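Down below is the structure, laid out as structure tokens.
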Amino acid sequence: MKAALAGASGAVPRGGDVDQRLPPRAPTASLLHQARRPTGRERGPDAVVEGILDFAAELRAYGEQHFGEPAAAVGVAVPGIVDEEHGIAAYAANLGWRDVPLRQLLTERLGGTPVALGHDVRTGGLAEGRIGAGRGADRFLFVPLGTGIAGAIGIDGRVEAGAHGFAGEIGHIVVRPEGAPCPCGQRGCLERYASAAAVSEAWAAACGDPEADAADCAKAVASGDPNAVRVWEEAVAALADGLVTALTLLDPRTLIIGGGLAEAGETLFTPLRDAVRRRVTFQKLPEIVPAALGDTAGCLGAGLLAWDLLTSTDRTEESA
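According to UniProt numbering, the sequence shown holds residues 1 to 320 in order.
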């Protein structure tokens, strides 16, 4: 879950800490303040929501104290299923909530300050598209490879949510029919083979060390370990299959890969570019690049949501 106050942003990574950050008043990639807070998810969804509200109030007070005035708008990004239009956090398995009217609750807690609500991956994609690796691209696809795999579809400076809020769920493209079962109910989903979590699981089994993770696998690949190379090649092949399906449907100009697995650098990107190139036929090959903003993308994207809310409000007032 990520939150932002008018030129200010904050985040709660899926693992559990709140990461509070304030960038300057213009939508740039600079950060002026950061802090962490526990989500309190072990105490249930109500505690998580109350923690968000308290956190947002703290952020607002910090901005007022250090910048001389309260935030003009708030941007919040949360995981799971998000109804952005109505400001509802519909469902998040790891936080345990359902149908939380988060925008309304925040607006009330912040004394009527306008609030924009977004999905965490789409919000990160918004930042990467506007001020990160996709800057200047009219169409891009942002795919972070972490515990799972999701995607953000960027078109002309905005990110597509879809009719029901599911746009970009590339991790649940089936790439290995009748393969490993996925919590979503299907078998053979992309994220069961090419997420950082999947690579960690495969490498831990291959090397016999239950503590080994994807970063360890990447290091072993670089050193030429044949078992690591096998695990890595299987993950890259699955990822390329999923990405080619996505680019066939979406025709992005730029394909941005982020998340923990992308930290392997060219150990990932060199074979991935080759694998995608071998698979395309009539499709136009997009530029495949690493994400530029790292774990600040969601924070900055939340700030951009707030910025957009302000600019759209200004335009509405001018036309009234």
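All C-beta atoms, glycine included, are put in the ideal place defined by N, C-alpha and C. Here the structure is a predicted model, which means the values were calculated and not measured.
Rounded to the nearest angstrom, the gap between the Cα atoms of Pro290 and His86 is 33 Å. Under the DSSP assignment, Leu53 falls in the alpha helix (DSSP H) whose first and last residues are 45 to 67. Under the rule that a run must span 3 or more residues, the beta strand (DSSP E) segments found entirely inside the segment 231 to 276 read 254 to 258.
Distance check between Gly171 and each of Gly165, Cys182, Ala161, His164 places Cys182 closest, using alpha-carbon atoms only. Minimum Cα-Cα distance from Ala204 among the listed residues Asn227, Gly96, Leu190 corresponds to Asn227. Residue pairing by DSSP places Gly118 opposite Ala77 in a beta bridge. For Val159, the CB contacts under 6 Å within the same chain, skipping 5 residues up- and downstream, are Arg122, Gly125, Leu126, Ala152 in chain order. DSSP, reduced to helix, strand and coil, places Gly154 within a strand of the structure shown.
With fewer than 16 other Cβ atoms inside 10 Å of its own Cβ, Phe166 counts as exposed.
Within the same chain, Gly75, Ala116, Gly118 come within 6 Å of Leu305 by CB-CB distance, once the 5 residues on both sides are set aside. Around the beta carbon of Leu309, a 10 Å sphere encloses 16 or more other beta carbons of the protein chains shown; the residue is thus reported as buried.
In the three-state scheme derived from DSSP, where H, G and I count as helix and E and B as strand, Leu110 is classed as coil.
Between Ala222 and the set Phe269, Arg43, Ile256, the nearest pair of CA atoms involves Phe269.
Taking the Cβ atoms as the reference, Cys217 lies roughly 6 Å from Val231, within the contact range of under 8 Å. According to DSSP, residue pairing for Asp209 in a beta bridge does not occur.
Here the alpha carbons of Asp295 and Gly134 stand approximately 16 Å from one another.
Using a Cβ distance threshold of 8 Å, Leu95 and Arg36 do not count as a contacting pair. Nearest to Ile155 by C-alpha distance, out of Gly259, Glu128, Ser195, is Glu128.
Per DSSP, the continuous beta strand (DSSP E) segment holding Ala89 begins and ends at 88 to 92. For Leu141, the pairing in a beta bridge is given by DSSP as Ile153, Leu255.
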